[in-house]
Amino acid sequence: MIHYRKTLIAIFFALLAFPYCSWGQNGANSPLTRYGFGQLADQSLGANKAMGGIGIGLRSGLQINVSNPASYTAVDSLSFLFEAGFTIQNANFSDGRTKLNAKNSSFDYLAMQFRLFKGMGMTLGFLPYSNVGYSFKSTEELPAQSIWDDPTTVSRSYNGTGGLHQAFIGIGYEVLPKLSVGANVSYLFGNFTHKVSANFSDANIYPLARTYYAEISDIKLDFGAQYSLKVNPKGMLTIGATYSLGKDLNAINSYISQQKLNGSVVISDSVTKINKAFQLPHAFGIGVTYDYDERLLIGADVQLQKFGETRFFGEKGALADRLKYSVGAQFYPDPSSNNFFKQMKYRAGAFYSKPYVKVNGQEAAHEYGIGAGLTIPISTWGWMTQRSIISISGEWVKIDPKIKGVLTENYLRLSVGLTFNERWFIKQKVR
């Protein structure tokens with residue numbers, strides 16, 4: 000009997016929960032999400048998160064790897080894969096004198112994968128692209144205009160919400176026995192709002208407010224390739240490369256400036272649309288993994304996103320190129336054992352990146368983090384095993400400011416992913 004009913008039930012409830020989890024919870028609390036598209040989400044699922052986010056050279060028939068669509072050809076002809084994951088995090092912010100704390104959660108992804116034909120695999124699902132979420136205040140004392148006047152205090156409030164999401168479908172095709180290529184076509188959609196308001200201690204100066212709003216909906220294209228080479232009887236080397244197409248985005252955007260006069264609101268200036276306001280960057284990646292006897296895997300990725308060449312709200316040069324380095328490893332004690340603990344996989348990794356955010360024309364901060372995790376098998380029934388697993392990973396991430404006025408940010412993240420791996424397509428023999 001093929002045990003697929005539980006998977007169908009899980010998929011059904013996950014799809015029902017997705018709209019509420021994805022839009023109801025925001026995965027960001029950072030003041031830096033005030034800039035650009037917000038906090039970018041790495042294109043990775045449960046298997047990647049604990050290994051520093053590596054995935055460009057990663058191939059596995061047991062878990063989905065959306066970091067490189069060429070990896071979809073690794074799925075075998077009998078399996079149906081379904082994955083879902085969420086993250087909870089604790090964030091600490093500090094300016095050297097004051098510390099703040101924030102907690103939040105986010106529903107990360109849904110994805111499913113199966114083989115279409117010999118040498119061709121398909122994956123489809125939902126992923127976040129970016130998150131915007133912040134709320135903070137500042138107070139400044141303005142100098143008096145004359146010796147007869149008192150100094151004026153201005154209190155500013157900054158608030159931002161929203162984010163971008165992507166629904167995607169991807170195909171991987173094995174061109175040659177060791178060479179695979181693939182592509183993801185994503186529908187990128189979402190919106191974000193930034194609000195700034197100012198109130199003055201001088202009653203003769205009326206409160207001001209500005210709102211920036213953008214709604215984006217467009218197609219995003221990602222391509223990948225992988226080449227695997229057996230370097231010794233037990234060792235497999237895989238080299239991968241990815242490219243994402245840069246393009247103008249279809250967007251509705253507005254800028255509104257408001258001033259309150261005698262209790263009523265007056266719109267003093269409004270720009271309803273900026274032509275070609277936003278662009279996706281050209282992005283490049285290269286990665287390599289070495290798998291020894293299916294027990295020890297090590298890998299590294301380098302990714303470059305050319306945000307410095309794009310426009311944001313019509314302004315070119317507002318963002319910087321994002322460069323990220325990742326390393327990771329996985330240890331699998333004994334793939335052939337039925338022992339529970341020997342079937343667990345243990346992972347660790349680290350990354351360093353130069354984020355794409357600029358503040359006052361300068362590079363705002365650097366980001367680095369370390370992570371570790373494991374996978375827990377749900378069931379192991381010999382060769383008929385469902386091979387379904389729970390992936391648990393923990394990350395510590397630090398955003399280290401490079402200029403004055405940017406907060407130090409520390410994050411502790413716990414991510415949980417559930418992978419159903421069932422042999423749906425086995426032909427049963429009737430005796």
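Residue numbers (numbering that gives the first Met the number 0): 0 to 430. A virtual CB, placed ideally from N, CA and C, is assigned to each residue, including glycine. Predicted model only: the values in this text are computed from it and were never measured.
| Asked | Found |
| --- | --- |
| Exposure of Val65, with buried meaning 16 or more beta-carbon neighbours within 10 Å | buried |
| Rounded C-alpha distance that separates Phe222 from Glu394 | 28 angstroms |
| Contacts around Leu413, its chain only, beta-carbon distance under 6 angstroms, and the 5 residues preceding and following it disregarded | Ile87, Gly393 |
| Beta bridge counterpart(s) of Val358 as assigned by DSSP | Gln361 |
| Same chain, Cβ closer than 6 angstroms to Pro18, neighbours up to 5 away in sequence not counted | Its pLDDT being 47, under 50, Pro18 is placed unreliably in this model, and the coordinates cannot settle the point. |
| Own chain, CB closer than 6 angstroms to Ser156, minus 5 neighbours either side, in chain order | Lys136, Ser196 |
| For Ala101, the three-state DSSP class (helix, strand or coil) | strand |
| N-terminal and C-terminal residue of the beta strand (DSSP E) that Gly54 is part of | Neither: Gly54 is in no beta strand (DSSP E) and is coded neither H nor E. |
| Paired residues, beta bridge with Gly171 - DSSP | Gly120, Gly181 |
| For Pro127, three-class secondary structure by DSSP | strand |
| Rounded straight-line distance, which links the Cα of Gly35 to that of Phe312 | 9 angstroms |
| Range covered by the alpha helix (DSSP H) that runs through Ala208 | Ala208 -> not in any alpha helix (DSSP H); beta strand (DSSP E) instead, spanning 207-231. |
| Segment contact, 8 angstroms Cβ cut-off, at least three pairs: the segment 251-259 with the segment 285-301 | no |
| Per DSSP, cross-strand counterpart(s) of Lys323 | Gln302, Ser352 |
| For Phe125 and Ile53, the rounded distance between their alpha carbons | 19 angstroms |
| Nearest-angstrom Cα separation, counted from Gly348 out to Trp382 | Caution applies to Trp382, whose pLDDT of 41 falls short of 50 and renders its modelled position unreliable; the model cannot decide the point. |
| Span of the alpha helix (DSSP H) around Ala46 | 45-48 |
| Supposed close pair Ala46, Gly370 - CB separation, criterion 8 angstroms | That belief does not hold up - the Cβ atoms of Ala46 and Gly370 are roughly 12 angstroms apart, past 8 angstroms. |
| Where Pro400 falls: helix, strand or coil (DSSP) | strand |
| Whether Gln225 touches Ala69 by CB criterion (7 angstroms) | yes |
| Among Ala208, Tyr331, Phe283, Ser43, nearest to Tyr108 - alpha-carbon criterion | Ser43 |
| Gly162, DSSP secondary structure in three states | strand |
| Secondary structure of Ala347, DSSP reduced to three states | strand |
| Candidates Thr138, Ser59, Asn28, of which the one nearest Asn91 by Cα | Asn28 |
| Gly37: first and last residue of the uninterrupted beta strand (DSSP E) it sits in | It is not in any beta strand (DSSP E) - Gly37 carries neither H nor E in the DSSP assignment. |
| Thr288 - containing beta strand (DSSP E), residue span | 282-291 |
| Pro280 beta carbon less than 7 angstroms from that of Phe306 | yes |
| Cutoff 7 angstroms; reference Val446; Cβ partners in own chain excluding five residues on either side | Because the chain in this structure spans residues 0 to 430, residue 446 falls outside the shown range and cannot be described. |
| Gln88 - containing beta strand (DSSP E), residue span | 78-93 |
| When Leu163, Tyr410, Thr72, Asp41 are compared against Asp217, the one with the closest alpha-carbon | Leu163 |
| Phe106 in three-state terms, based on DSSP | strand |
| Spatial neighbours of Asp399 in its chain, beta-carbon cut-off 8 angstroms, leaving aside the 5 residues before and after | Ala364, His365, Glu366, Tyr367, Thr407 |
| Short CB-CB distance (under 7 angstroms) between Ser196 and chain C | This model lacks chain C altogether; it includes just one protein chain. |
| Status (buried if at least 16 other CB within 10 Å, exposed otherwise) for Ile63 | buried |
| Residues that Asn420 bridges to, as DSSP identifies them | Leu80 |
| Between the CA atoms of Ile251 and Val184 - distance to the nearest angstrom | 22 angstroms |
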